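Student: Dumping the structure here so I can ask a few things about it.
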Amino acid sequence: MTASTLLPAILQAVLRGQPRALRDPHYPRWHLAPPTGLLNDPNGFIQFQGRWHLFYQWNALDCSHRHKCWGHWSSADLLHWQHEPLALMPDRPYDRDGCYSGSAVDDRGTLTLCYTGNVKFADGSRTAWQCLAVQNAAGGFDKLGPVLALPAGYTGHVRDPKVWQHAGRWYMVLGAQDSARRGKVLLYVSADLRQWQSLGELAGSQLGGLGEAGYMWECPDLFSLGEQSVLICCPQGLAPEARRFLNAHPGAWLSGEMDYASGTFRHGPLHEIDAGFEFYAPQTALSDDGRRLLIGWMGVPDGEERLQPTVAQGWIHQMTCPRELSLRDGQLMQQPARELQALRYDAQHWQGVADEAPRLAADGLELLIAAHGGALSLDFSDTLRLSWQPTGLTLARRSLASGEWQTRYWSGEVTHLQLLCDRSSVEIFINHGAGVMSSRYFPHGPSQLHITGDAQLDLQSWSLRDCMVE
Ligand code: FRU
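So the sequence shown is numbered by the working numbering: it starts at 33 and just counts up by one.
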């Protein structure tokens with residue numbers, strides 16, 4: 033599509049598609065989802081001049097991964113979001129096949145976007161430009177064009193700039209694939225966001241003690257948590273293990289020491305960020321009060337996404353809730369952002385044997401569970417099942433393609449669960465954030481939670497208020 037045909041087509045798609053999406057019983061009540069079409073990665077997550085901004089990879093035209101624009105929402109409280117002007121459209125020669133993922137920074141008072149211009153060629157190859165755009169007085173963005181071309185030694189898969197400031201200089205990590213088809217994270221430095229100098233490879237497959245770890249690393253994000261640094265990345269092509277890395281593509285984290293003087297990161301092994309069926313391409317932001325918040329895409333680029341029933345209603349995917357990150361004993365902890373507590377109403381408390389627990393409406397629900405002595409199973413409308421064993425959790429769901437049960441695991445002793453439920457999703461926080469399992473599921477009719485087993489339970493629950501984007 034050309035620049036002059038894409039914008040009218042987006043407008044038409046939204047006018048036609050949004051009412052239909054909002055009527056869909058699977059459309060979230062309080063999570064962020066696209067007005068119509070396909071949403072994938074969170075982009076440009078930032079608290080800028082006190083207000084939250086979240087951009088998103090968006091194809092408004094249909095549910096395929098084409099025509100990627102940056103949609104834009106803003107919020108004062110991380111709960112109530114409003115639509116902002118469309119931020120980026122693929123309308124220049126250097127971004128004609130997609131304004132791909134990236135980040136936002138405050139450049140001396142100007143909200144500035146760093147994104148990847150993706151360009152595909154007829155022979156199937158591609159190139160990528162790292163580009164800038166600055167916010168204008170109308171709330172839209174003016175493109176400044178590319179600031180970095182494809183570096184030598186890498187394929188056309190170099191993208192997803194995450195930019196931050198450290199000791200007065202700008203740093204950027206990029207996801208990359210080297211010419212030997214190994215996934216890497218590249219590090220750059222700049223004084224002004226315009227001229228970038230390479231500091232080499234920060235991490236990747238067959239680097240820093242990692243063995244073979246995938247053919248492409250997407251969406252890196254490097255930040256400090258206390259004394260340590262954490263690198264988040266999405267290594268594509270990691271070999272699945274018996275109970276980990278079972279999705280087509282995972283989100284992963286590594287922690288260690290970042291040495292800015294030499295541009296090196298000494299780190300430990302790769303860990304999965306989220307053990308559920310849908311989680312990918314997370315991005316973090318630092319809040320004004322010093323918290324590191326993360327939002328992920330509650331989706332995975334894989335063969336089954338097109339089979340989700342919302343596609344027939346013209347929309348697909350949603351974000352996770354915002355999460356607060358910390359490190360405890362070397363373990364990445366994720367907890368629902370404290371702002372989410374403002375969604376709670378109608379508090380209930382119940383104690384007893386699981387088999388006697390009340391049935392709960394699960395389409396807007398927060399549930400805290402403490403259990404001991406026995407078995408426990410949570411069944412969401414016969415569509416998604418969580419079983420709690422002494423050795424961990426098993427989450428089961430039928431494949432949309434084959435109808436066969438598929439399972440995801442969290443290993444370790446479980447003492448507490450915190451579940452955040454929406455109409456077609458659940459986020460399960462384990463042991464105060466030591467693990468998370470995020471999954472979509474598509475019940476027939478409003479979701480009901482049925483708890484069974486002989487474990488002794490202490491349940492605390494709240495209904496969650498609807499929170500639509502305006
Ligand atoms: C991750 C990703 C990014 C890319 C974007 C395109 O889901 O593949 O690497 O920038 O999606 O939409």
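Glycine included, each C-beta is placed from N, C-alpha and C at the ideal position.
Everything numeric in this text was worked out from a predicted model, so none of it was measured.
1) With distances taken from each beta carbon to the nearest heavy atom of the ligand FRU, which residues come in below 7 Å, in chain order?
2) The beta strand (DSSP E) that contains T484, what's its start and end?
3) Can you tell me whether D387 is helix, strand or coil according to DSSP?
4) So P390 packs on Q450, CB below 8 Å; how close in whole Å?
5) Could you tell me if R213 is buried or exposed, where buried requires 16 or more neighbouring beta carbons within 10 angstroms of its beta carbon?
6) Go ahead and pull the three-state DSSP assignment for T37.
7) Counting pairs of Cβ atoms below 8 Å between the region 361-377 and the region 67-85, do you hit three or more?
8) Check the DSSP bridge columns for S419 and list the partner residues they point to.
9) Just list the alpha helix (DSSP H) runs in the region 104-139, keeping only unbroken ones of 4 residues or longer that don't cross its boundaries, in chain order.
10) Buried or exposed: H349, going by 16 or more other Cβ atoms within 10 Å of its Cβ?
11) Are there 16 or more other CB atoms within 10 angstroms of the CB of K152, so buried, or fewer, so exposed?
12) Looking at the structure shown, is V501 part of a helix, part of a strand, or coil, going by DSSP?
13) On the DSSP letters alone, give me the boundaries of the beta strand (DSSP E) that Q268 sits inside.
14) Are T148 and D192 closer than 8 Å when you measure CB to CB?
15) Do C101 and R338 come within 8 Å of each other at the CB atom, strictly closer than that value?
16) With DSSP run on the structure shown, which of helix, strand or coil describes P282?
17) Tell me which residue opens and which closes the beta strand (DSSP E) that A235 is part of.
18) So does the region 390-410 actually touch the region 480-493, counting three or more Cβ pairs closer than 8 Å?
19) Could you tell me which residues DSSP puts in a beta bridge with Q450?
20) Starting from W90, trace the beta strand (DSSP E) both ways and give me its first and last residue.
21) With which residues is N150 paired in a DSSP beta bridge?
22) Taking only heavy atoms of the ligand FMN into account, decide whether any of them is closer than 7 Å to the Cβ of E337.
23) Below 8 Å on the Cβ atoms is my guess for Q315 versus C251; work out the distance and round it to an integer in Å.
24) What are the start and end residues of the beta strand (DSSP E) that includes G250?
25) Give the C-beta separation of H299 and D334 to the nearest angstrom, bearing in mind that I take them to be a contact with Cβ-Cβ under 8 Å.
26) Note the first and the last residue of the continuous beta strand (DSSP E) segment covering K175.
27) Comparing alpha-carbon positions, which option in E233, Q229, D224 lies nearest A208?
28) State whether the region 115-133 contacts the region 163-170, with contact taken as three or more CB pairs (one from each stretch) at a distance under 8 Å.
29) In the DSSP assignment, the beta strand (DSSP E) including A307 goes from what residue to what residue?
30) Using a Cβ-Cβ cut-off of 8 Å (strictly less than) and excluding sequence neighbours within five positions of S287, which residues of its own chain qualify?
31) Quickly, what does DSSP pair N75 with across the bridge? List them, please.
32) Whose C-beta lies closer than 8 Å to the C-beta of Y126 among residues of the same chain, with five residues either side of it excluded?
33) Candidates A428, A433, R497: which alpha carbon is nearest Y377's?
34) Please classify L47 as buried or exposed, where buried requires at least 16 neighbouring CB atoms within 10 angstroms.
Tutor: Reading from the atomic positions:
1) Cβ atoms closer than 7 Å to the ligand FRU belong to N72, D73, Q89, H97, K100, G130, Y132, S133, T148, R191, D192, G207, E250, C251, C266, Y312, A313, W329, P333.
2) 480-484
3) helix
4) Not a contact, Cβ separation roughly 18 Å.
5) exposed
6) helix
7) no
8) S409, T426
9) Annotation: the region 104-139 contains no complete segment of the alpha helix (DSSP H) (minimum length 4 residues).
10) buried
11) exposed
12) Looking at V501 - three-state DSSP - the assignment turns out to be coil, as it is neither helix nor strand.
13) 260-268
14) Going by C-beta atoms, T148 is nearer than 8 Å to D192.
15) no
16) coil
17) 229-236
18) Under the 8 Å Cβ criterion, the region 390-410 counts as touching the region 480-493, having at least three qualifying pairs.
19) In DSSP, Q450 forms a bridge with L400, F461.
20) 83-91
21) A160
22) Looking at this structure, you won't find the ligand FMN anywhere; what it does contain is the ligand FRU.
23) The beta carbons of Q315 and C251 sit about 7 Å from each other, so the pair counts as a contact at 8 Å.
24) First, the amino acid is wrong: residue 250 is Glu here, not Gly. Boundaries of the beta strand (DSSP E) harbouring E250: 248-257, taken from the DSSP string.
25) About 27 Å separates the two Cβ atoms, so there is no contact after all.
26) 173-180
27) Among E233, Q229, D224, the Cα nearest to that of A208 belongs to E233.
28) Result yes; three or more Cβ-Cβ pairs closer than 8 Å.
29) A307 -> no beta strand (DSSP E), and no H or E assigned at all.
30) L257, Q260, S261, V262, L263, H299, G300, L359, G362, L364
31) F87
32) G149, V151, W161, C163, G177, P178
33) R497
34) With fewer than 16 neighbouring CB atoms inside 10 Å of its own CB, L47 falls in the exposed class.
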